[in-house]
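Worksheet for the structure shown next.
Numbering (the working numbering), first residue to last: 40 to 229.
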């Protein structure tokens, strides 16, 4: 789309802020969905590769443990292989746990998509657009969709009048350490 066609398409005489808002919401939803879809494939590949590496490291460890040698130098080499494979397996396991950040990101962006979809549906319906009960229902459903307490606190802060910056500060203050977050929140992990 060229700048000229963009300007022609947006002739101020035909301006409809609701239609344009819905179009922009649709673009945002599509961008988030395609980004998540593209990222899911990469994270799945990485997770699978790390799981395979962990299995190979375990095989090396177990093989080294099964070998015994009367020669002290060879026995020392076997013990070094066992120690190195134990350390490598621990690092791989830590990396797999670190991939869980993507599950939290995927879940959060899923909430964004759902709220944008729901808001679009509400805006499209002229009977509900000016209905305060419909807006309160939308807000309640969005709040209830959050599984992480830190998300609910951020939502409540903004709904209570806090600025976005203040709500983000509240979110960070209430969030557990990312390493502990998988234990503290109800997030489904891969």
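All residues carry an ideal CB built from backbone N, CA and C; glycine is no exception.
Where residue 206 falls, given that 16 or more other Cβ within 10 Å makes a residue buried: Around the Cβ of residue 206, a 10 Å sphere holds 16 or more other Cβ atoms; the residue is buried.
If you count every other CB in all the chains shown that lies within 10 Å of the CB of residue 74, and 16 or more means buried, which is it? Result: exposed.
So residue 194 packs on residue 181, CB below 8 Å; how close in whole Å? Confirmed, about 7 Å.
Using the Cα positions of residue 57 and residue 133, report the straight-line distance between them to the nearest angstrom. Approximately 48 Å between the Cα atoms of the pair.
Use the C-beta contact count for residue 187: other C-beta atoms within 10 angstroms, 16 or more gives buried, fewer gives exposed. Per the 10 Å Cβ criterion, buried.
Report buried or exposed for residue 172, applying the criterion of at least 16 other Cβ atoms within 10 angstroms of its Cβ. It is exposed - the Cβ of residue 172 has fewer than 16 other Cβ atoms within 10 Å.
8 Å Cβ cutoff met for residue 93 and residue 128: The Cβ-Cβ distance between residue 93 and residue 128 falls below 8 Å.
Please list, in chain order, all residues of the same chain as residue 60 whose beta carbon is under 7 Å from its beta carbon, the five residues on each side excluded. Answer for residue 60: 162, listed in chain order.
So, do the region 148 to 159 and the region 106 to 119 have three or more beta carbon pairs nearer to each other than 8 Å? Contact fails: fewer than three Cβ-Cβ distances are below 8 Å.
The alpha helix (DSSP H) that contains residue 110, what's its start and end? Where residue 110 is concerned, there is no enclosing alpha helix (DSSP H), given that its DSSP letter is neither H nor E.
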